[in-house]
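Asks:
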Amino acid sequence: MGASSPQRWPDPVRLGQALDRADAEAELMDFVRLAWPAIEPARPFVEGWVVGAIAEHLTAVTHGEINRLLINVPPGFMKSLLVDVFWPAWEWGPQHRPETRYLCFSYSEELTRRDNGRFRNLILSPRYRALWGDVFGPGDQFGRRKVENDRTGWKFASSIGGVGTGERGDRVVIDDPNNVRKAESKTVLAGTNLWLTEVMPDRLNDQRRSAIILIQQRTNERDCSGTLLALEAGYVHLSVPMEYDPRRHYINALGWQDPRRQDGELAWEARFPCEEVEKLKRIKGSYAYAGQYQQSPSPRGGGIIKRDDWQLWPVGGEEFDAAGKPLKPLEYPPFDHIVASLDTALTEAEENDWSALTVWGSWRDANDVPKLMLMEAWQARLAFYPLLQKVLKTCRKRQIDRLLIEAKANGISVAQEAVRLCGAEEFGVQLLDPRKAGGDKVARAYAVQHLFENGLVYAPERAWSELVIGECEVFPKGAHDDLVDTVTQALWFLRKSGLALLGEERGGGSPRRATPAGEPQSEPIYDV
């Protein structure tokens, strides 16, 4: 019997590479674990179910299961690394799709160039080249603005509105389109949303198959995420608040749902433990934390004016006299003074804000504590004379003492016509300069916030009341603030008139009498 040939053992290096390649090609998360040292060699990769959820949704895009994806996660949750660096590298190499083209946008081109640099470093790393160097090689352009391969694929970095090359991509990646520092600018929001809805869709190679991925921390109800959700544009929505809120339990169209069930349970405690989250709350403040970390543009329970600070008033019906004229509603207490507060829009055009009106009654309880009641509210887009008629009808119905109108837009014309038609017999009309009413919109809300916190402001349990409460709740992050303007205008007026002052504010004296309708004011509350 001849000598047997020596047994040949597999090369452990080649075997390890084969196993790594098989795992990374099967799962995006396995690729992230493998490729992490090429991007962050000094920091260990911290596992978290949130990262796995993002990877799961990106994988669904790769496999053609979805082509519109909206992701809202807090800062520090690897969103840019996953979407703008690891995922494209996974598609080019492990998924053998080097022909794929990416257009990447952010509010700043420097951010997308930064991630293009990371992407370039990853696909040039020795381990990546050893495993997938046979799939593609570098192309002619390999800078931070454009990374190109030799199989017609490329990754282009730009900013919102910044691409002028006419390039079209198979993947349009939009990472933080809204600048947090400019989140309250209506002009910036409107320009970004116009780009999102009218310009960006033209950058797709194939409207049916090409994918759009928008990923951001929320900044405003009218940010890009809010715009897409309001349009019901067919995006699969992955939303992960830092702290679990059972009232906002997410189950999306892909079948994914938030795995948490305990109120306040953290999303990624290994990276953001409780003590760090509490620090973030203190540093960021309630508004920034609610938007950026909770994916809700208003804090839980409300912003400046919280939902729970409104006092609900159960009401019945109204009575009318024999001629059908409404009497003072029996369900309300006897009021000392009633004011209507009007905020006018520029025109009735659909794209403009609403014209809005609220009516308020003031009285004092048995303990001489001031109380304020929301009696009526509406908002409408109307031309000048229909608006004027609706305002006067409401004022007569509620038998108001004074109509307050902000001195802007159509407000001055409405005030002049109201005075001409009503004279001084029915009610007084007063133009108010918002610049002299405690500052900007936010400052005016803070000026009356304590009235709500002290339980002085009531609203009847009616559907129209919910419109006002809901808009106040999300202010200043809401899509509209017309009703809020009428609320703060009326309450500020009632305070300056002495009708909404607490005993300690009055110094123990009697409240200053509000100027009745038709009497000249000895001390102007606002200047026209």
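If you count by this note's numbering, then the sequence shown holds residues 5 to 532, one letter each, in order. A virtual CB, placed ideally from N, CA and C, is assigned to each residue, including glycine.
Taking the Cβ atom as the reference point for each residue, do L361 and V418 lie within a distance shorter than 8 Å?
Replies: It is not a contact, given that the beta carbons lie outside the stated cut-off.
Asks: Who are the near neighbours of G295 in its chain, counting only those whose CB is closer than 6 Å to its CB and skipping five residues on each side?
Replies: R222, T223 and P301.
Asks: Between which residues of its own chain and Y293 is the CB-CB distance below 7 Å, once the five residues before and five after are set aside?
Replies: L284 and K285.
Asks: Check G173 in the structure and name its three-state DSSP category.
Replies: Correct three-state label for G173: strand.
Asks: Going straight from the alpha carbon of V139 to that of G173, what length do you get?
Replies: Roughly 20 Å between the two C-alpha positions.
Asks: Pick out whichever of G459, K412 and Y291 has its Cα sitting closest to the Cα of D312.
Replies: The shortest Cα separation from D312 among G459, K412 and Y291 belongs to G459.
Asks: Who pairs with Q383 in a beta bridge, going by DSSP?
Replies: Partner(s): A360.
Asks: Nearest to E69 by alpha carbon, out of Y106, V373, L498 and A215?
Replies: Per the Cα distances, A215.
Asks: Is there contact between the segment 469-485 and the segment 420-427, where contact requires at least three CB pairs shorter than 8 Å?
Replies: Because the criterion of three Cβ pairs below 8 Å is not met, the segment 469-485 and the segment 420-427 do not touch.
Asks: Using a Cβ-Cβ cutoff of less than 6 Å, which residues in the same chain neighbour V488 once the five nearest sequence positions on both sides are dropped?
Replies: Taken in chain order, the residues that qualify are E475, C476 and F479.
Asks: For L198, count the other beta carbons within 10 Å of its own beta carbon; 16 or more makes it buried, fewer makes it exposed. Which is it?
Replies: So L198 counts as exposed.
Asks: Determine, using beta carbons only, whether L126 and A42 come nearer to each other than 8 Å.
Replies: Going by C-beta atoms, L126 is nearer than 8 Å to A42.
Asks: Below 7 Å CB to CB, which residues in the same chain sit around G52 once its five sequence neighbours on both sides are set aside?
Replies: W272, A274 and R275.
Asks: Give the list of continuous alpha helix (DSSP H) stretches no shorter than 4 residues that lie fully inside the segment 97-132.
Replies: Runs of the alpha helix (DSSP H) inside the segment 97-132: 113-127.
Asks: Between which two residues does the alpha helix (DSSP H) carrying H61 extend?
Replies: Where H61 is concerned, the enclosing alpha helix (DSSP H) stretches over W53 to T66.
Asks: Pick helix, strand or coil for Q145, following the three-state DSSP scheme.
Replies: Residue state, collapsed to three classes: strand.
Asks: For K332, which residues of its own chain have a beta-carbon under 7 Å away from its beta-carbon, when the five flanking residues on both sides are left out?
Replies: Bear in mind that the predicted position of K332 carries a pLDDT of just 49, short of 50, making it unreliable; the figure below should be weighed with that in mind. Here the set comprises Q403.
Asks: Which residue comes first and which comes last in the alpha helix (DSSP H) that contains D486?
Replies: Segment D486 to K500, the alpha helix (DSSP H) holding D486.
Asks: Would a C-beta distance cut-off of 8 Å place W358 and D486 closer than the cut-off?
Replies: Yes, Cβ-Cβ distance for W358 and D486 is below 8 Å.
Asks: Can you tell me whether L74 is buried or exposed? The criterion is at least 16 other CB atoms within 10 Å of its CB, across all chains shown.
Replies: Looking at its Cβ environment, which holds 16 or more other Cβ atoms inside 10 Å, L74 is buried.
Asks: Is there contact here, the segment 113-120 with the segment 148-167, by at least three beta-carbon pairs under 8 Å?
Replies: Touching, per the Cβ criterion.
Asks: Which same chain residues, not among the five before or five after A237, have their C-beta less than 8 Å away from its C-beta?
Replies: These residues qualify, in order along the chain: R72.
Asks: With burial defined as no fewer than 16 other Cβ atoms inside 10 Å of the residue's Cβ, what is the status of H241: buried or exposed?
Replies: It counts as buried.
Asks: If you draw a straight line from the alpha carbon of V54 to that of A22, how long is it in whole angstroms?
Replies: Spanning the two alpha carbons is a distance of roughly 28 Å.
Asks: How should I593 be labelled, buried or exposed, when 16 other C-beta atoms within 10 angstroms of its C-beta is the threshold for buried?
Replies: In this structure the chain extends from 5 to 532, so residue 593 is not present and cannot be described.
Asks: Spatial neighbours of W91 within its chain, please: C-beta separation below 7 Å, excluding the five flanking residues on both sides.
Replies: Once the five neighbours on either side are set aside, the close Cβ partners of W91 are L32 and L62.
Asks: Is L436 helix, strand or coil by DSSP?
Replies: Of the three classes helix, strand and coil, the one that applies to L436 here is strand, per DSSP.
Asks: On a CA-only basis, which of G97, R265 and A349 is nearest A28? Give me that one, please.
Replies: Closest by alpha carbon: G97.
Asks: Let me confirm a value: L235 is counted as buried when at least 16 other C-beta atoms fall within 10 Å, else exposed. Which label applies?
Replies: So L235 counts as exposed.
Asks: Need the endpoints of the alpha helix (DSSP H) that E282 sits in, please.
Replies: C278 to Q296 is the extent of the alpha helix (DSSP H) around E282.
Asks: Could you tell me if I308 is buried or exposed, where buried requires 16 or more neighbouring beta carbons within 10 angstroms of its beta carbon?
Replies: Per the 10 Å Cβ criterion, buried.
Asks: Can you tell which of Y336, T348 and H67 has its C-alpha closest to the C-alpha of S366?
Replies: Looking at the Cα atoms, Y336 is the closest of the given residues.
Asks: Between which residues of its own chain and R212 is the CB-CB distance below 6 Å, once the five residues before and five after are set aside?
Replies: Taken in chain order, the list of residues that qualify is empty.
Asks: So, at 7 Å on beta carbons, what are the nonlocal neighbours of T66 in its own chain, with the 5 sequence-adjacent residues on each side left out?
Replies: Excluding positions up to five away in sequence, the list reads E95 and Q99.
Asks: Hey, could you find the ends of the alpha helix (DSSP H) T416 is sitting in?
Replies: Residue identity differs from the one stated: residue 416 is Ile in this sequence, not Thr. G415 to C426 is the extent of the alpha helix (DSSP H) around I416.
Asks: What residue does the alpha helix (DSSP H) around V192 start on, and which one ends it?
Replies: That run of the alpha helix (DSSP H) goes K190 to L198.
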